[in-house]
Amino acid sequence: MSCPIAKDGSFSCNHGKKECDANRLQSCVIDIFKSSGALPFIVCFERIIHHNTVEQAMHACSAFIRSQYRQIRLCYDGDRGTQLQRIAAHKTMSTKPHPILEVPYLLINDYTPSVDNNNLNVMILPQLLNKWFKLYS
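Set out below in structure tokens:
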């Protein structure tokens, strides 16, 4: 996620409104399910979002969030989702030791690798997600 906050409080994501909407939805899912509980939904969502709208991807992966779907929907459509997106954007813009300059970018336990190491991490990300998905599902 790389979504700088404009002076008027709006977001500007590198890949447009769809990225901002997807980030907001995932922030809501993580807030409600916490990281490990959110992972199966996020893996499903990331696999299909490129060829679908956020709404379609959310619906297709809804089995992973069924128990809290209404609460996630209220978060996504309401002020809480915007608040979570603002928190995530601030966290993205203030990472240490290396600022996030490009997406995708890995941030694990508040640590950011150098750009070269990040590029390597991004290349192996699908394998990492698959491993994590198997561990937590």
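Under our numbering, the final residue of the sequence shown carries the number 832; numbering is consecutive throughout.
Heads up, the beta-carbon is just placed ideally off N, CA and C, and yes, glycines get one too.
Decide if residue i is buried, meaning its Cβ has at least 16 other Cβ atoms within 10 Å, or exposed.
| i | result |
| --- | --- |
| Q780 | buried |
| Q721 | buried |
| G773 | exposed |
| E750 | exposed |
| M696 | Low per-residue confidence applies at M696: pLDDT is 43, beneath 50, and the placement is therefore not dependable enough to give any value. |
| K786 | exposed |
| R719 | buried |
Specify, as a first and last residue, the run of the alpha helix (DSSP H) that residue i falls within.
| i | result |
| --- | --- |
| S730 | K712 to I743 |
How many whole angstroms separate the CB atoms of residue i and residue j, which I take to be in contact at a CB cut-off of 8 Å?
| i | j | result |
| --- | --- | --- |
| A755 | I743 | 6 Å |
Within this structure, are the beta carbons of residue i and residue j separated by less than 8 Å?
| i | j | result |
| --- | --- | --- |
| I782 | C723 | no |
| A770 | D716 | Rather than Ala, the amino acid found at residue 770 in this sequence is Cys. Taking 8 Å as the Cβ cut-off, C770 and D716 do not qualify as a contacting pair. |
3 or more residues per run - each beta strand (DSSP E) lying fully within the segment 747-772: Qualifying beta strand (DSSP E) stretches: none in this window.
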